Every structure is written in structure tokens, then in C-alpha cells.
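Number of protein chains: 2
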Amino acid sequence: MAEQPVAKARRGRPRQAEVARLAGVSQTTVSLVLSGNKQGIALHPDTRARVLEAARQLGYAPDPAARRLAAARNDLLGVFSFTATFPTDVAHSYYPILVGVEQEAVARGYDLVLFTGSSAAPGRGGGGAAELNRVRLADGCLFLGRHVPADPLRRLVEQGYPAVHIGRRDELEGLAWVGADYAAATAEVVRRLAALGHRRMVLVCESDQALASVDRERGFRAALGEGELARASDAGPGPVVRVADPAAEITASWVRARLAEGVTAFVAEETDTCAAWRALVAAVDAAGLTAPADLSLALLGAPPADLAGRTEPTGFDVPKAELGAAAVRTLTALLTEGGADCSPLVPCAFRSGHTAGPPPPAP
Amino acid sequence: MAEQPVAKARRGRPRQAEVARLAGVSQTTVSLVLSGNKQGIALHPDTRARVLEAARQLGYAPDPAARRLAAARNDLLGVFSFTATFPTDVAHSYYPILVGVEQEAVARGYDLVLFTGSSAAPGRGGGGAAELNRVRLADGCLFLGRHVPADPLRRLVEQGYPAVHIGRRDELEGLAWVGADYAAATAEVVRRLAALGHRRMVLVCESDQALASVDRERGFRAALGEGELARASDAGPGPVVRVADPAAEITASWVRARLAEGVTAFVAEETDTCAAWRALVAAVDAAGLTAPADLSLALLGAPPADLAGRTEPTGFDVPKAELGAAAVRTLTALLTEGGADCSPLVPCAFRSGHTAGPPPPAP
DNA sequence: TTGTAAGCGTTATCAG
DNA sequence: CTGATAACGCTTACAA
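Note that the protein sequences, when read in sequence, are chains A and B. This note's numbering applies: residue 869 is where the first sequence begins, and numbers increase by one. This note's numbering applies: residue 869 is where the second sequence begins, and numbers increase by one.
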């Protein structure tokens, strides 16, 4: 007696064939009706109606794997992050970006598949590759964070898989990406400070050499190079200070020394820890000074959550939701037209805040 | 001139057949070697080595779509919420639950598909029904929030689709669910208050008749029924007050009136707005009283984000991440064994806080 | 206007 | 131990 074939998990899932039987048509017709009949093939309205009714009755939903295998598409967009997409440590979470991704994806009729790279065994060679390969189930994929292993990603891209990286990533030739325009936003902050009357300002960077950090420094230097700021910034030590241990190096006396040199504005960048900004605020406080009365402060990015209650820093906000939405737009452009030519840079919004004002009159 | 068939994204990707040719074996053998040979079929080590080498050389990576199609499962867990999965209004977001869902899903080798109720063509059709059917794309699905339409959900479940509801949902026969054990947690709070010496306490409910609210009231009454609390709570007006407009009804004079009746502890439940708790805190404040010196306060749940800075309320926390993880466990049990018999109730952790203490000595 | 049939890349079943 | 061969559910020429 022949064994019953292994009961597949797919058990109750209705397929096109069953819809076809119920509607009294062929499976092909069901496919035509249900996939929107892109071929422009003429279908009898009654047939169409019967098929739709049958599908509704059976609760039919297409199998994404089969759809994809048959060389069509899934209408699934992948979101891959090497670390957990929803970290327990809410601090540097992708949540705000995902808000934008979801909105834009929904608006365009895509569902989202979350591929979380197992953070386990990052050492092994084949490990990362296999992880990344899963995303092929989706029509295209968004990649989050700069920890996405470059090599497997490159292979994906080389083989023509539609991928968009969120955050600048131009080391990989041919990989599309969207990122915040840190350089322009930083330059804008410098210009605003200059407009307030500041002539000498200093940027405090952490030694972390993230791409975003490089961009900010570039924007900072570029804006300093404009007009009379150029001359002013030539004097004294460089306008950019890179510190390994902000809390130890950025002290009250350090601040006083800079003030004595004629610096009137201090700028720090947002990082995971915001150590530089924290140090700056603490040092100013310790020196018995107040912003914006005695000096001006600006933060290139958003303050950390635990400082949310304090005075809103002058600076800019990265439009994270917009970043996610832009990524989805770029990806869908890749999917449909095959080429996205819109700028990958998303502008940041200047935030007036309350830590910058005109420099105090020279003593 | 015949059009080239639509260029498949599949472009130069190596397949098992090519690996087989290179290794000089059959494609079946390649599949056996590469998929770990779960069948336990004996393979010659040399063959194995040759296949692996060929695969490596070609940079072979299995096509997840094909793999899943053949295996009759796609290792996808759906997450459906009627409202957006990532609400812009972060206040009552599912984030903490998703943290647990993701962790557990990753640990079990599943990927997540996010569906949103709003995702459908917002136009006509079966409305929620058609919407819900889309989840069939995943092997099983988690449902979030009590706004999931009951009827389509019932059909899904009746047809054997593996579904787990997060939050109690026993109106639907056969629907698996996991939920916080509000009754037990509330009873625990009452017991703690009793242990501190409180004999008469009152629960302030909002008129919203959520299941969670019912559970809490049940737990409250049950715990009151124990020991001498029973006698004490028999006197005066009932121990449970249900108010339509907390801000208007829970006033300083209301609090004083209760105190005069011998009530020494006030309990409110967490809701979306936390209106009852806010009203209670405001009323106590307006009466010039302080907790825990003059009376005790307890909050059945977590305080809203904007009150996070204030004194931590005594009460309990719903382990949201654990809830998500439990839901995933239940769902995967449904998927693999076909039956989950673990308790659907997740215990809540008592939170000592600082708003409860011994009742003041009687005047 | 509808049906037939040939794959898509993999897994699973058997007979060698 | 290996290799045909048949699904898996769907799309898409092409035939009727």
C-alpha cells in the first residue's frame, strides 16, 4: 500500500487550480485574471467576475515563491539589516526610517519582508553570503546600516539584483544608495552662525571615522572657506578638533582657551553616544558660561533621547522617515524602469534651536 | 524579429545543474550534498568534496524562491496589524512587541513579513476580508491589536491557517492567542497593597470596556475577596469605579471623600490615554496630598511616555517583548507540531515603584 | 476569448 | 551510493 505523500505544510492553502475548478475555467485564465492581465488579453467580463468570486470565496493568495520563480515578481520588498531591525537598545534603532519605508512601500503596493542577519558567527566566510542570499525571495531589497558585509552585497549587485543601501556607501561600485546630505546641512549651519556674526568656530569630532562624520567635516571646511571666514579660520589651531576621549579633553579650561583665541561658536556632531556634544555642554557649564549668551553651540544632528528635555540645540535634523521613503522610491525605480537617476542625497532640515545667537561683544 | 523574452533578473546565476556538470555528478547529488543530506543517504566523501568544490568555484547560491517552492514552505511569518505596523504616533506603538517577535523569529530561522491593514487598495472590495487574505502568503501569521476584523479572521482559522493573536481573543473559537496575565498581575498588586496594611482600596476604570480592562477588574475583585479584605470592601460604595470622563469626575474632593470613607489606596489602569491615572495623580496633587505619605497609588501597567520622568508608579509591567516571543513560539508550534498547548498567559512583573507605602495612621 | 504546455530551480521518491 | 523523474505553484508563449 503506497504511503500518503508527506503532508505538506501548505495543506489548506488554496491554489489557482482550485480557483479554476470552482470557477469552471482553466488555471491559466485564473492567472490572467488575478495578475491584472498585463498582457492586455481580452477576457470576458463574466469569466473575470466568476474567477474573482471564486478566489474570494476560497481566500486565495498567490504563493510568493512560485510567483518569483516563474520570473514574475512578488510585490515584496526586502529590508535587510545585519543587526536586529528592532534592537532592544532603542538608542540607535531604525524605527524612524522604517516608518518612512513602510509608508512609501504601502503607497506603492508592496509588502515588506524583514530579513535579519543572524549576528552569530560573523567570522566565518560563507556565513554572511548565505544570509544575504535569502533576500532574493523579494523583488528587491533595502540594506540598513554600515555593517552589511560588502562582499556578498557586491555579488548580489553584480548579478543584477536590485538593491539600495540606506546610508552612503560608494565603496561598492554600482550599488545604489540614499543618504542624508550631511555636508550641505553642516555648511548651512556654519552659514547661519556666520550670519549671526561668528567669525571663528570650531568643530569637535569624535575619532570614530564614520562616513557621515567625514561628510560633516567636509561641509564644515567648505563653508568655512567662503568669504571672510576663510581668513579668520586661518589663524590659530585648525577649525576641526578630533578627540579620542571627549569627556577628558573637552573641559572648561579647553573652552576658555578657545574663547581666548577668538572662537565664539562650538559645533559637535551627533554620534551613537553623542559623547562630543555631551562633553561640550558639560564643559561650557563647568566654565560657568551660558549659550547663547556667552558663546554659541550647534549640534549636527539630533540630541540623544535623555537630553530631549534640555534646551533644544541649534543644528539640523536628519529626516529619517524621508530617508526611508526615498530609499523605497529609488528601489522601485530600479524595479520598474531599471535606473534611478534622482539624487541619492536627502536634504536635512535646519533646526533653529536655542543654543546659538550673536557672539558677545568683544571685551 | 522575435522580442527577447523579458530579461530575467536571474541573469548569470549558477544553478545546481551547472555545479553538477562541473563536478561530474547528477543534479540530485548536488542537491543532496548542498542541502545537508537530511535524508541520511550515504554519500562518498570524494563526491561530496567535488561537489562542494564545484559549488565554491562557481559561487553557487541556492535560489530561495525555488527552494521554498519545492519545500512547500517559505519560512515566512506574517505580522498583521490593522493600523500601521510602525505608527508615526509612537505612543502606542507595537515596537516593544516587535522586538520580541523579531528575536524569537530569527532564533527559529524565520523571516518576517509585515502587513498593514491600511495596506490594501483603500478602495472597495471585501474590505477587511480581502485584506486579511494577503497574509496567506506567509506560512503563518501573528495578529496585533483588537481591531482585527473577527469574521475574516475566523475564516482563516477555520480553513486551518496558522494564526496567533497577540492579546486575549477568546471570542473566536479555535484561534490561538497569547496575552498578558492582567488578572494575576492585578491581584498581585492588591495583595502587595494589603500586605502594606491597606484594607480599603478603589479601582478607577475608564468606561472603555477592553478585554484587558475586564481582566484587571476580575483580578482586582478576586484579590479583594481574599481574607479580611472581603469584609472591609463590603462597606461603602463598590471598590470599582467606572468613569466616563476621568478628568471631570476624579477631583480633589472626590479623593477626599474616598479617604473619609476609609479608602487608603487608589488604583488605576493603563490605557491608551491613561486618562484615569492622570486624573488620579492630578486630583491627589490638587488635594494637597502626597503619595505614598498620605495615600497609596498604583498603576496597572506602564505610565505614558510623557510621565516617564515623574515618580515611578507602583504597579506592574507588561513584558511586551516576552509577549511577542511567546506569540512566535506558539505560532511555530502550530506550524511544526500542529498544536500548541502551552499556556497563552504571559506573567507580568510587579513593579515596586514609589507611590505605595503603608497607610497613614488613622486620625 | 480560453486552454495547453513548457518551463523557473529545488526537493523528494524510487529504481538502478 | 547515484541518477532519472515527478512534483511544487505560477507565468507566459502559443495553439485552438
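Glycine included, each C-beta is placed from N, C-alpha and C at the ideal position. Since we're looking at a predicted model, the values are computed, not measured.
**Asked** With DSSP run on the structure shown, which of helix, strand or coil describes T984 of chain A?
**Response** strand
**Request:** Quick one: list the residues of chain B neighbouring S986 of chain A, beta-carbon separation under 8 Å, in chain order.
**Result:** V974
**Asked** Who are the neighbours of A929 of chain A on chain B, taking C-beta pairs under 7 Å?
**Response** N1001, R1002, R1004 and L1005
**Item:** Straight-line Cα distance separating V1111 of chain A from A1144 of chain A
**Value:** 8 Å
**Asked** Mind checking whether A1120 of chain A and A1154 of chain A have CB atoms under 7 Å apart?
**Response** yes
**Request:** Assign L1012 of chain A to one of three DSSP states: helix, strand, or coil.
**Result:** strand
**Asked** Among all the DSSP beta bridges, which residues are the ones paired with M1073 of chain B?
**Response** Residue 1073 of chain B is actually Cys in this sequence, not Met. B:R1110.
**Prompt:** How would you list, in chain order, the residues of chain A whose beta-carbon sits under 7 Å from the beta-carbon of N905 of chain B?
**Reply:** Per Cβ cutoff of 7 Å: no residues; N905 of chain B is ~17 Å from chain A at best.
**Prompt:** Where do the N-terminal and C-terminal ends of the beta strand (DSSP E) with T1182 of chain B fall, by residue?
**Reply:** T1182 to D1185
**Asked** Do you know offhand how far A1062 of chain A's Cα is from V1152 of chain A's?
**Response** 21 Å
**Request:** Check I1034 of chain A in the structure and name its three-state DSSP category.
**Result:** strand
**Request:** Using a Cβ-Cβ cut-off of 7 Å, state whether E1138 of chain B counts as contacting chain A.
**Result:** no
**Message:** Let me make sure I understand the geometry here. Which of B:S894, B:R924 and B:A1018 has the alpha-carbon closest to that of L911 of chain B?
**Reply:** B:S894
**Message:** Determine, for A933 of chain B, whether the minimum Cβ-Cβ distance to residues of chain A falls below 7 Å.
**Reply:** yes
**Asked** Going along the chain, which residues of its own chain have a beta-carbon closer than 6 Å to the beta-carbon of A1053 of chain B, five neighbours each way excluded?
**Response** F1184 and C1216
**Request:** Could you tell me which residues DSSP pairs with D979 of chain A in its beta bridges?
**Result:** A:L944
**Asked** Within the 7 Å Cβ cut-off, does V887 of chain A reach chain B?
**Response** no
**Prompt:** Quick one: is Q884 of chain A buried, meaning 16 or more other Cβ sit within 10 Å of its Cβ, or exposed?
**Reply:** buried
**Request:** Identify the continuous beta strand (DSSP E) that holds V1135 of chain A and give its terminal residues.
**Result:** A1133 to E1137
**Asked** Can you round the beta-carbon distance between A1044 of chain B and L945 of chain B to whole angstroms, since I take them to be within the 8 Å contact cut?
**Response** Going by Cβ atoms, the distance from A1044 of chain B to L945 of chain B rounds to 13 Å, so no, they are not a contact pair.
**Interface flag, R936 of chain B vs chain A, CB-CB below 7 Å** = yes
**Request:** May I ask you to report which of helix, strand or coil DSSP gives G908 of chain A?
**Result:** coil
**Message:** Could you check whether the Cβ of V981 of chain B sits closer than 7 Å to any Cβ belonging to chain A?
**Reply:** yes
**Prompt:** Which residues in the same chain have their Cβ closer than 7 Å to the Cβ of L1040 of chain B, if we skip the five residues on either side of it in sequence?
**Reply:** A1018, L1021, R1022 and V1025
**Message:** Taking contact to mean 3 or more Cβ pairs, one atom from each stretch, closer than 8 Å, check whether the stretch 964-972 of chain B and the stretch 1189-1203 of chain B are in contact.
**Reply:** yes
**Prompt:** Can you name the start and end residues of the beta strand (DSSP E) that V1046 of chain B belongs to?
**Reply:** A1044 to A1048
**Asked** DSSP state of A938 of chain A, grouped into three classes?
**Response** coil
**Request:** Sort out for me which residues DSSP pairs A1166 of chain B with in a bridge.
**Result:** B:V1135 and B:T1182
**Prompt:** Name the chain A residues that come within less than 9 Å of Q925 of chain B, Cβ to Cβ?
**Reply:** Within 9 Å Cβ-Cβ: nothing; Q925 of chain B doesn't reach chain A, min ~13 Å.
**Local Cβ density within 10 Å of A1176 of chain A, reported as buried at 16 or more and exposed below that** = exposed
**Prompt:** Can you tell me whether DSSP reads R1068 of chain A as helix, strand or coil?
**Reply:** coil
**Proximal residues of chain A, C-beta to C-beta of L1061 of chain B below 9 Å** = Within chain A, no residue comes near L1061 of chain B; the closest Cβ sits about 31 Å away, beyond 9 Å.
**Request:** Mind reading off the beta-carbon distance from I1034 of chain A to I965 of chain A? Whole number of angstroms is fine, and I expect it under 8 Å.
**Result:** 6 Å
**Message:** Can you pull the chain B neighbours of F954 of chain A, defined as C-beta to C-beta under 7 Å?
**Reply:** Y963, L966, V967 and E970
**Message:** Counting only Cβ pairs nearer than 9 Å, list the residues of chain B close to R1023 of chain A.
**Reply:** G927 and A929
**Asked** What is the rounded straight-line gap between the Cα of G1169 of chain A and the Cα of Y962 of chain B?
**Response** 26 Å
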